[in-house]
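This report refers to the structure that appears directly beneath it.
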Amino acid sequence: MRRWWLDLGGFAVALALAAAVVLRWRSGQVALLSSTAAPAIRLLALLVVFVQGCADRLRGREEPGGQAAERRPAAGSEDMSDGAGPSGQGSRGMSKEAGEEPGPAPQLEADAFPLADEAALGRWARLVAGDGFDAGPGKRLALALVPMPEATPAQDPRWLQVASALEALADAAGGAEGEAFRTRWRAHVEIRKAGGSETIAELQALLTTMEALPLLHAGLAGYVWRRAAPLPAGARERAELLGRLERHLRACEALLKGQFETGPIEFTAWRSKAAPPVGHSGLRVPKGLLGAARSHYPGSDAGTWASEATLTLTATDGEVTLLRAGRAERLQPGQRFELRRLDALWAGRPAKLRHDELGDMSLGAGAVASAWDVGPRLTPAGREQVRAQVAAAQRGEAQALERLRAILPAAHLEIRRALAEKPQAPGSPGLRTLLELFDG
Amino acid sequence: MGLLHRLYARAAPEVWETETRLLHALRLVRRPVAVQWIATAMCDLRCPHCYSGAGKRAEGELTTQEAIRLVVDELVALGKPTFVIAGGELLLRRDIAEIVAHARAQGLEWAMHTHGGHVPKFRSMFERHPPTLAAISLDGEARQHDLFRGRQGSHAAALAAIRTLKECGCPEVVAGTTVTRENADRLADLFPLVAASGADSWGLHLFAPEGRGAEHTALCPTPEQLQRVAAFARRKRGLFHVELCNEWGSAGADDRFYRDQPFLCGAGRISCVIGATGEVLPCTTTDLRESEGNVRDRPLRDIWTRGFRRFRSAGHGECSDGHECWLQARNGNPCREQAFGACRKEAV
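Residue numbers (the numbering used here), protein chains in the order written: chain A, 428 to 867; chain B, 1020 to 1367.
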């Protein structure tokens, strides 16, 4: 009996709503959406989109090359999440020789998403997410340390900020991993304050202590790259560090994509008069973030590290091996490839590479080259060309700045030299901004 | 909410378009999320990029009582959207404290855009009624900012305003930089200043050839500069909260690398602007041809509900294109392809 009345009531309400809509249509009137109806309309829209998506998928499955297949982005289209994964990047413009192991391939562990479970994700979130007042401790350390100029004197007050951010991060991490992180990074900061230099092995250790927390942070990974790039290293050692950094940066990209899908990590302040439970951080990690990031990881690349500040080169002979993402691939004579900042080149015997504008560059027997040091390997004529463009940009010529952007790996050392010489020249701010695109 | 966000963020543009179609079919209109009021055309600076050409008080600006009755009370009736007060320089209005106090008493959240020079004078107002968001203009390092703004010490005043507002409890203070041809290549020098200023985030706006800006079209950044700035902003987001504002348009799937939420042009859809004289405009344009009515003639509720029709039907014309900034597209200056086109091509 009661149910009968409910049904009738529901029917009457629906009828009234329909009548209101019809009346509005007839009179050409519009009405403000009420705050109670707004979520219902949003839900309805979500439902429609969901059903449409399912229908499209089904259609795509039924008809090979149907709509779903068409929507998959081709090279040069918008969506980075499909397609251009590390393997795709690695083999773009490169031919593989099956079974061949042409150079000093590094020994990397299996390529798995570094956050193993929800607990690890929670620990990561505590290190990177802000609490509504301050940025996360990872971001604070990055902001203090990454922009710190080379050869900053030990008395500079900015080192205090670095130390404070470092201690806060180690405290937030806690445990043996936190202590190991503190010890390693403190030592690193002391070396920098003293104006000393590290080894590749020490920088590998910095990365290891970071990842053990687990602190996945693109800014700090970029910092490790920047510190390691000018240091001398063997091919295997260099390729191993770059391979690890590539995975680290891919994981950061996957987490970013995951958050865009699931919603961001949110902070809610503790509002009770009672003390919060032990370990309470106020952070809410959205459900499904781990799954989303894991699913993105295999297809993610290293972001701007994979796509920008590259140099297009041609191998003129078959003596050069490209070390990328933990793999070694022999370049064929005449083969064009993009040299990225996370790549290394190794030549077993003296070899040559060519850039379309800047000309030849040479690699001696056993040489290990990277995007950092290709500039000095150019012929004197090529180096002069770079120098002229840097000088023009420093005079304030806009076109020169854009030309330099296209050859950043070959030009960045010359840009640094020019900036050290004339930091106040009219075009120097532009060159500094350009350098950020190489260093970060 | 997590589920809704997840579903929504996964297909935000599609959901938005579907929702728009549904609302259109049901003859319903969304409530605004934010309404900006140009409190005055008065300003004591003469910035060449000023979209409102601010300087002297405009003839027929809304009086205190009109502002309270025709703007604040109407916003309450519209469901209490965020009340954004801008200018000119809003703090040159003598009655601003009264209007803010009334808005707060009605339960309205308020936000403001200011050059910052007068913030210390209003400290007590900010302490009593801290805005939920305050944007302070910062165009470059001290020398460049002061030159651009035409007043010595305006850079120091802007930095002081950021500190004052944080001390007064403003939860989000944004350093806002309008990217022009002159400062686009100087952002690396500005970044440390912004990061150390105490601001919570850095909003990068784009120059629009509107108002006084129309007389200085040479300030429009080049496509190459736009690409470099976008690439710079993307990198710095790992260190500081940098956001490309709406004038940049959509970066498509790459939006996640440049902003916190997917791009959505709110003009006439979820936001509008009330000019100093009461004209209701879709966005911060000063072109009165775009006016949908004046709050002196019709209630804001009525203008919002019946106006802006061209923005609310999915699928035709630039006004319903959710991928461009309407204002930039209107000025023949769509920046999306210029800024992100090449980045996207490289990225995939």
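Every residue, glycine too, gets a C-beta built ideally from N, C-alpha and C.
Quick caveat: nothing in here was measured; it's all calculated off a predicted structure.
### Message
For the beta strand (DSSP E) containing A/Gln826, name the first residue and the last one.
### Response
First-last for A/Gln826: 825-833, but that is the alpha helix (DSSP H), not the beta strand (DSSP E).
### Message
If we define contact as Cβ-Cβ less than 8 Å, is B/Ala1249 a contact residue for chain A?
### Response
no
### Task
List the whole-angstrom C-beta distance separating A/Ala736 from A/Leu864, where the pair is believed to meet the contact cut-off of C-beta under 8 Å.
6 Å
### Query
Can the beta-carbon of B/Gly1268 be found less than 8 Å from the beta-carbon of B/Gln1347?
yes
### Task
Please name the residue or residues paired with B/Asp1274 in a DSSP beta bridge.
B/Asp1274 is not bridged to any residue.
### Task
Check the Cβ-Cβ distances between A/Ser462 and every residue of chain B, and say whether any is below 8 Å.
yes
### Query
Does the Cβ of A/Pro760 lie closer than 7 Å to at least one heavy atom of the ligand COA?
This structure lacks the ligand COA; in fact it carries no ligand of any kind.
### Task
Would you mind reading off the limits of the beta strand (DSSP E) that contains B/Lys1075?
First-last for B/Lys1075: undefined, no H or E at that position.
### Message
Strictly below 7 Å CB to CB, what residues from chain A border B/Leu1206?
### Response
Thr860
### Message
Check for me: the beta strand (DSSP E) holding A/Arg763 runs from which residue to which?
### Response
763-766
### Query
Roughly how many whole angstroms lie between the Cα atoms of B/Thr1296 and A/Ser855?
45 Å
### Message
Excluding the 5 residues flanking B/Glu1234 on each side, which residues of the same chain have their C-beta closer than 6 Å to its C-beta?
### Response
none
### Query
Out of B/Pro1318, B/Phe1327, B/Arg1331, which has the shortest C-alpha to C-alpha gap to B/Val1090?
B/Pro1318
### Task
Drop a sphere of 10 angstroms on the beta-carbon of B/Phe1141, count the other beta-carbons inside from all chains shown, and report buried for 16 or more, exposed for fewer.
buried
#### Entry: Amino acids of chain B, ordered along the chain, whose beta-carbon sits closer than 7 Å to that of A/Arg451
Arg1046
#### Entry: Below-8 Å beta-carbon distance, A/Glu735 vs any chain B residue
yes
### Query
In or out: B/Ser1173 buried (at least 16 other Cβ within 10 Å) or exposed?
buried
### Message
List, from N- to C-terminal side, the alpha helix (DSSP H) runs of 4 residues or more that fit wholly inside the segment 1151-1234 of chain B.
### Response
1161-1168, 1173-1186, 1206-1215
#### Entry: Nonlocal neighbours in the same chain, by C-beta distance under 8 Å from A/Ala578, ignoring five residues either side
Gly622
#### Entry: Reduced DSSP secondary structure (H/G/I, E/B, other) of A/Ser708
coil
### Query
To the nearest angstrom, how far is it from the Cα of A/Arg553 to the Cα of A/Ala599?
8 Å
### Task
Could you list which residues in chain C have their beta carbon closer than 8 Å to that of B/Asp1279, in chain order?
The chain labelled as chain C is not found among the protein chains of the depicted structure, namely A and B.
### Message
What residue range does the alpha helix (DSSP H) around A/Ser722 cover?
### Response
716-723
### chain A residues whose Cβ lies nearer than 8 Å to that of B/Pro1211
Pro574
### Query
Taking B/Thr1151 as the reference, which of B/Gly1135, B/Glu1309, B/Leu1045, B/Ile1104 has the closest Cα?
B/Ile1104
### Task
Name, please, each residue of chain B whose Cβ falls closer than 7 Å to the Cβ of A/Gln456.
Arg1046
### Message
My output table needs one value for B/Ser1290: the three-state DSSP class, helix, strand or coil.
### Response
strand
### Query
At which residues does the alpha helix (DSSP H) containing A/His615 begin and terminate?
602-620
### Task
Using DSSP bridges, identify the partner residues of B/Val1265.
Correcting the residue type first, residue 1265 of chain B is Asn in the shown sequence and not Val. For B/Asn1265, which the question treats as bridged, DSSP gives no partner whatsoever.
### Task
Give the secondary structure of A/Thr731 by DSSP, where H, G and I count as helix, E and B as strand, and everything else as coil.
helix
### Contact list for B/Leu1258 against chain A, beta-carbon separation under 7 Å
Lys566, Ala569, Leu570, Val573, Gly646
### Task
Could you tell me whether any Cβ in chain A is nearer than 8 Å to the Cβ of B/Val1034?
yes
### Query
Just reading off the beta strand (DSSP E) that A/Ala547 is part of, what are its end residues?
Counting along the chain, A/Ala547 falls outside any beta strand (DSSP E), though it belongs to the alpha helix (DSSP H) covering 545-555.
### Query
So, does the CB of A/Arg519 fall closer than 8 Å to a CB anywhere in chain B?
Low local confidence applies: a pLDDT of 37 at A/Arg519 is under 50, so the model's placement there is unreliable, and no value is given.
### A/His675 - containing alpha helix (DSSP H), residue span
662-689
### Message
I need the DSSP call for A/Phe694, collapsed to helix, strand or coil.
### Response
strand
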